[in-house]
Amino acid sequence: MGRCPNCRAWGTLDEVGARSTPVTSALPVTEIDPAAAAHRPTGVGELDRVLGGGLVPGSAVLLAGEPGVGKSTLLLTAAAHWAAEGRRVLYVTAEESAGQVRHRAERTGALSPHLYLAAESDLETAVEQMTQLDPALVVVDSLQTLHAPGVEGVAGGVAQTRAVTSTLTTYAKTSGVPVVAVGHVTKDGTVAGPRTVEHLVDVVLSMDGDRHSALRFLRGVKNRFGATDEVGCFEQTAGGIREVTDPSGLFLHHRETPVPGTAVTVAMDGRRALVGEVQTLAVPTGQHNPRRVVTGVDGGRVSMILAVLAQRCGRNLAQHEVYVATVGGMRIVEPAADLATALALDSVLRDAPLPLDVVVLGEVGLGGEVRRVPDLGLRLAEAARLGFRRAVVPDQPVDVPAGLTVTRVPTLADAIRG
């Protein structure tokens, strides 16, 4: 019909499709079953710590990290735990052949008849595999190597990565099956691909570690189902990746007698307290510009501490080569280790060691004052757990754990005199 029955004009009618009725009706939030979004443990305690208790049904998780850091090994370990409970797990690999993954599974003890491997780089075929198998968990390795048919660009490109992520997220939401995907990172450590990738998924995890150390750290960047201030610790071994439930012991050098130039402190990584040791060395030299070598702590703060020691405390190291390092590859990026670094430098200059049972905490200001540090109670509790009996801390209120004696110092000069 080309004529309007109301205005009687011709050629004014347009065909419009009727909107379909929603398949599901909206429900009051009180009628939603909370059990449907309950965390399910992966069997890897440190991974569950960062996830907030485990994987949530229908969630999309992205695990990013540098090549060789242990991403695939960690996910294969988690997949093996689920498979050991009789739940089917599909491991989609586009980077390796099925034989290569099987070899790694054999080496890490992850072999199971309930663990299915699909060496597939085509996204549509991979989704068909998921639909046919109906697994309890899907692992995809990796986002940047899957190819979405009908989308321009090569695998790993912006459009392709966005399409792959969107398809996998949609599958997770509609099927209720959690999907965990490995993601590549750029040179600056960010997730490769468009920023929308991080917005599409529910959880973004980052795994990092020093190439010269077996330690690996797992951190939450985004988590719709939990906190992002938890840190998981692992150790890369010949037999796979191992959980480190007590990482503080790895950052302490155990010895029977005290040594000048060392001090123990407690750093916070997220909500986790890590006890570590700062070691220093000062070597007299006649050079006009003596060397300053710093590893594991902020070099700028070390330079500031040297200036404060000289100006406020009369400890001049201008004619000394100074070396500052942490033990076990630990990285301390917060100022709470300032006081430990300062007392270690004073100790090596006087050739007088600090007692073995002392832990030192505090930020040092340019005026020589010792400033408060956050989470002091958590730090002291961790030190007390490891057997330390004395603590040098800023003058701030705190609940002191049983068995620990606290000395409060308002200035760096007071700490040195004490």
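Just so it is clear: in the sequence shown, position 239 is 239 by UniProt numbering, and no numbers are missing.
All C-beta atoms, glycine included, are put in the ideal place defined by N, C-alpha and C.
Between the CA atoms of PRO57 and ALA38 - distance to the nearest angstrom: Here the question's residue 38 lines up with position 38 in the sequence shown. Here the question's residue 57 lines up with position 57 in the sequence shown. In a straight line, the C-alpha of ALA38 is about 7 Å away from that of PRO57.
Between ARG8 and ASP14, what straight-line distance do the alpha-carbon atoms span, to the nearest angstrom? Numbered from 1 along the sequence shown, position 8 holds the residue referred to as residue 8. Numbered from 1 along the sequence shown, position 14 holds the residue referred to as residue 14. Roughly 15 Å between the two C-alpha positions.
Nearest residue (CA-CA) to THR257, options GLY270, GLN100, PRO353, ALA159: Translated into positions along the sequence shown, residue 257 becomes position 257. Checking every option, the nearest Cα to that of THR257 belongs to PRO353.
Given 8 Å, three or more beta-carbon pairs between the stretch 159-179 and the stretch 55-74: yes
What's the C-alpha gap between ARG371 and GLY209? For the purposes of this step, residue 371 is taken as residue 371 along the sequence shown, with counting starting at 1. For the purposes of this step, residue 209 is taken as residue 209 along the sequence shown, with counting starting at 1. Looking at the two C-alpha atoms, the distance is approximately 30 Å.
Sufficient close CB pairs (3 or more, under 8 Å) joining the stretch 74-81 to the stretch 125-142: yes
Can you check the stretch 128-216 for any alpha helix (DSSP H) of at least 4 residues that lies completely inside it and give the ranges in chain order? 158-175, 196-200
Please determine, among GLY299, VAL16, GLY377, the residue with the shortest C-alpha to C-alpha distance to PRO401. Here residue 401 refers to the residue found at position 401 of the sequence shown. Checked all of GLY299, VAL16, GLY377; the closest Cα to PRO401 is GLY377.
Residues near THR165 by beta carbon distance below 7 Å, same chain, minus five either side: The residue given as residue 165 occupies position 165 in the sequence shown. Closer than 7 Å at Cβ, skipping near neighbours: LEU143, VAL197, LEU200, VAL201.
Check the DSSP bridge columns for ILE241 and list the partner residues they point to. Residue mapping note: residue 241 aligns to position 241 of the sequence shown, counting from 1. In the DSSP output, where bridge partners are listed per residue, ILE241 has GLN236.
Reference VAL259; option with closest CA among ASP351, ASP134, ALA391: Taking the first residue of the sequence shown as 1, we reach residue 259 at position 259. When only C-alpha atoms are compared, the closest one is ASP351.
For GLY70, count neighbouring C-beta atoms within 10 Å of its own C-beta (all shown protein chains included) and say buried if the count is 16 or more, exposed if not. Residue numbering aside, residue 70 sits at position 70 when the sequence shown is read from its first letter. Classification for GLY70: buried.
Contacting residues, own chain, Cβ-Cβ under 7 Å from GLU243 (five flanking each side not counted): As a working note, residue 243 is residue 243 in the sequence shown. Within the same chain, GLU243 has close Cβ partners VAL44, GLY45, GLU46, PHE234.
Residues near ASP375 by beta carbon distance below 6 Å, same chain, minus five either side: Taking the first residue of the sequence shown as 1, we reach residue 375 at position 375. So the list reads MET268, once near-sequence residues are dropped.
Whole-angstrom C-beta distance between VAL409 and ASP399, which should lie under 8 Å: Position 399 of the sequence shown, counting from 1, holds the residue named residue 399. Position 409 of the sequence shown, counting from 1, holds the residue named residue 409. Contact flag wrong, Cβ pair sits at about 19 Å.
For ARG216, does the count of other Cβ atoms within 10 angstroms reach 16, so buried, or fall short, so exposed? Against the sequence shown, residue 216 aligns to sequence position 216. Buried: at least 16 other Cβ atoms inside 10 Å.
For the stretch 336-344 against the stretch 262-279, do three or more pairs of beta-carbon atoms, one drawn from each stretch, fall closer than 8 Å, so that the two count as touching? yes
Check whether the stretch 96-105 touches the stretch 214-232, taking contact to mean three or more Cβ pairs, one atom from each stretch, closer than 8 Å. no
Cα-Cα separation between GLY365 and ASP229, rounded to whole angstroms: For this step, residue 365 is matched to residue 365 along the sequence shown. For this step, residue 229 is matched to residue 229 along the sequence shown. Roughly 27 Å between the two C-alpha positions.
Run through DSSP, which three-state label would MET304 get? Taking the first residue of the sequence shown as 1, we reach residue 304 at position 304. DSSP places MET304 in helix when its eight states are reduced to three.
Here's a check: name, in chain order, each residue in its chain whose Cβ is nearer than 6 Å to the Cβ of PRO41, leaving out the five neighbours to either side. Residue 41 sits at position 41 when you count from the first residue of the sequence shown. Excluding residues within five positions, the ones whose Cβ falls inside 6 Å are ASP48, GLY54.
Within the UniProt region "Lon-protease-like" (321-418), note down every full beta strand (DSSP E) run reaching 3 residues or more, in order along the chain. 358-360, 390-393, 405-408
Buried versus exposed call for SER206 [16 or more other C-beta atoms within 10 Å across all chains shown]: Translated into the one-based positions of the sequence shown, residue 206 becomes position 206. Buried.
Name the two residues that bound the continuous alpha helix (DSSP H) containing GLU277. Here residue 277 refers to the residue found at position 277 of the sequence shown. Element bounds for GLU277: not the alpha helix (DSSP H) but the beta strand (DSSP E), 272-284.
Applying the 10 Å Cβ sphere with the 16-neighbour rule, what's the burial state of ALA303? Taking the sequence shown and counting its residues from 1, the one referred to as residue 303 is at position 303. It is Ser, not Ala, that sits at residue 303 in the sequence shown. So SER303 counts as exposed.
Would you list the residues sitting across from TRP10 in a DSSP beta bridge? Numbered from its first residue, the sequence shown carries residue 10 at position 10. According to DSSP, TRP10 bridges with ARG3.
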